[in-house]
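Q: One structure, pasted below without further comment.
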Amino acid sequence: MLTDDERSAFLQSIARVRQRAAQALRQAQGADGADGAVAFIAQLHRGLDTVAEQARATGPQPACQAGCAHCCHLRVEATEPEVFHIAQHLRAQPAEALADALSALHRHVTTAALNPTNPARQACSFLVDERCSIYPVRPAACRKAHSLSAPHCAEQSPTIPQNLRLLVDAEALMAGTALAYRDQPLPASAHELNAAVLAALKDPTAQARWYQGDAAALMPKDAQN
-15 MLTDDERSAF LQSIARVRQR AAQALRQAQG ADGADGAVAF IAQLHRGLDT
35 VAEQARATGP QPACQAGCAH CCHLRVEATE PEVFHIAQHL RAQPAEALAD
85 ALSALHRHVT TAALNPTNPA RQACSFLVDE RCSIYPVRPA ACRKAHSLSA
135 PHCAEQSPTI PQNLRLLVDA EALMAGTALA YRDQPLPASA HELNAAVLAA
185 LKDPTAQARW YQGDAAALMP KDAQN
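Residue numbers (the numbering used here): -15 to 209.
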C-alpha cells in the first residue's frame, strides 16, 4: 500500500509521462502515421527496461533468469499499439516461423475458449524452449514482471515478493503512456495477448481501423456482429 504522499507522487509521475509522451507521439504520427504511432510504443518499453536495470542496481536482486518461465503460464495483457508492434514483428519473420506462431496462437485461443470461466493455466504461445520468442517486442506487462523468490513462483504462490519501487515506476510509465495514446485519440486498452495478436494477424485492416479510433479493432469479426 502507498502512503498519501507516495500516491500523490505516483499521480504526478503519471501526469508528467502523459504530457511528454503525448508530444512525442504526435511527432511520431506526423512522420509515419499509423506505423509511427505503433512504433512509438518502443519508447515505453525502453523506459521500462531502464527502470528494471536501475532496480537491479540499487535494490534486491530478482530471481528471474533465462529459462525460468513460471510467469509465462499466466494471463498477459497488452495494449493495441503493443499488439500491432508484435504483429509487425511476426510478419517480418520467415514464412515458416509466422506459420508456427499462428498455429500456436490458434491452439492457445481454442483451449482458452473451451472453459472461459476458468481458463487453463497454459503456456504463452510465444514460449519456445522455455524462452520468449518475441523477447525484443514483448509487452510492458512482461517487462515489469519480476519475482524476488523463484520458489514462490514454482509453487504458484498467491503472493509473489517483488520490488515495490520498480512496480510503482513501471505502472506510472504504463499508465501515462496509455493516457497519451487516448489523448490522440487512439485506443490503448488491455487485451489478452494471445487472442489479440491472433486477431491482428488475421485481419490486415485492424491496424488502420485502430488508427481511425475503432476500439473494436482487435475483436474477432464474428464477435462484432
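Note that beta-carbon positions come from the ideal geometry of N, C-alpha and C, so glycine has one too.
Who pairs with residue 112 in a beta bridge, going by DSSP?
A: Position 128 of the sequence shown, counted from the start, is the residue given in the question as residue 112. Residue 112 is bridged to 115.
Q: Applying the criterion that 16 or more other CB atoms from any shown protein chain within 10 Å of the CB defines a buried residue, is residue 71 buried or exposed?
A: Counting from one through the sequence shown, the residue named residue 71 turns up at place 87. By the 16-neighbour rule on beta-carbons within 10 angstroms, residue 71 is buried.
Q: Just checking, does the region 141 to 149 make contact with the region 24 to 44 on the three C-beta pairs under 8 Å criterion?
A: A contact exists between the region 141 to 149 and the region 24 to 44.
Q: Does the structure place the region 12 to 22 close enough to the region 100 to 120 that three or more beta carbon pairs sit under 8 Å?
A: no
Q: Are the CB atoms of residue 53 and residue 114 within a distance shorter than 9 Å?
A: Looking up residue 114 in the sequence shown gives position 130. Looking up residue 53 in the sequence shown gives position 69. Closer than 9 Å, so yes.
Q: Tell me which residues share the same chain as residue 22 and place their Cβ nearer than 6 Å to its Cβ, disregarding the 5 neighbours each side in the sequence.
A: The sequence position of residue 22 within the sequence shown is 38, counting from 1. Residues of the same chain with a CB within less than 6 Å of the CB of residue 22, apart from the 5 flanking positions on each side, are 65, 68, 69 in chain order.
Q: Using a Cβ-Cβ cut-off of 9 Å, state whether residue 130 counts as contacting chain D.
A: Looking at the structure shown, chain D is missing, and only one protein chain is on hand.
Q: So residue 160 and residue 1 are in contact, right, with Cβ under 8 Å, and what is the actual spacing, rounded?
A: For the purposes of this step, residue 160 is taken as the residue at position 176 of the sequence shown. For the purposes of this step, residue 1 is taken as the residue at position 17 of the sequence shown. That pair is a contact at about 3 Å.
Q: Can you list, in chain order, the residues of its chain with a C-beta nearer than 8 Å to that of residue 77? Leave out the 5 residues immediately preceding and following it.
A: What you label residue 77 is simply residue 93 of the sequence shown in a count that begins at 1. So the qualifying residues of the chain are 85.
Q: Assuming the contact rule is C-beta atoms closer than 8 Å, residue 214 and residue 127 should be a hit. Round their C-beta distance to whole Å, please.
A: An answer regarding residue 214 cannot be provided, because it is not within the stretch -15 to 209 covered by the chain.
Q: Just verifying my parser: in three-state terms, what is the DSSP assignment at residue 139?
A: For the purposes of this step, residue 139 is taken as residue 155 along the sequence shown, with counting starting at 1. For residue 139, the secondary structure class from DSSP, reduced to helix, strand or coil, is coil.
Q: In the DSSP assignment, what are the bridge partners of residue 90?
A: Along the sequence shown, one-based indexing puts residue 90 at 106. Note: residue 90 sits in no beta bridge, so no partner.
Q: Can you list, in chain order, the residues of its chain whose CB lies under 7 Å from that of residue 162, leaving out five sequence neighbours each side?
A: On the sequence shown, position 178 is the one that residue 162 refers to. Around residue 162: 63, 172.
Q: Exposed or buried, what is residue 87 when buried is set at 16 or more other beta-carbons lying within 10 Å of its beta-carbon?
A: The residue labelled residue 87 in the question sits at position 103 within the sequence shown. Residue 87 comes out exposed.
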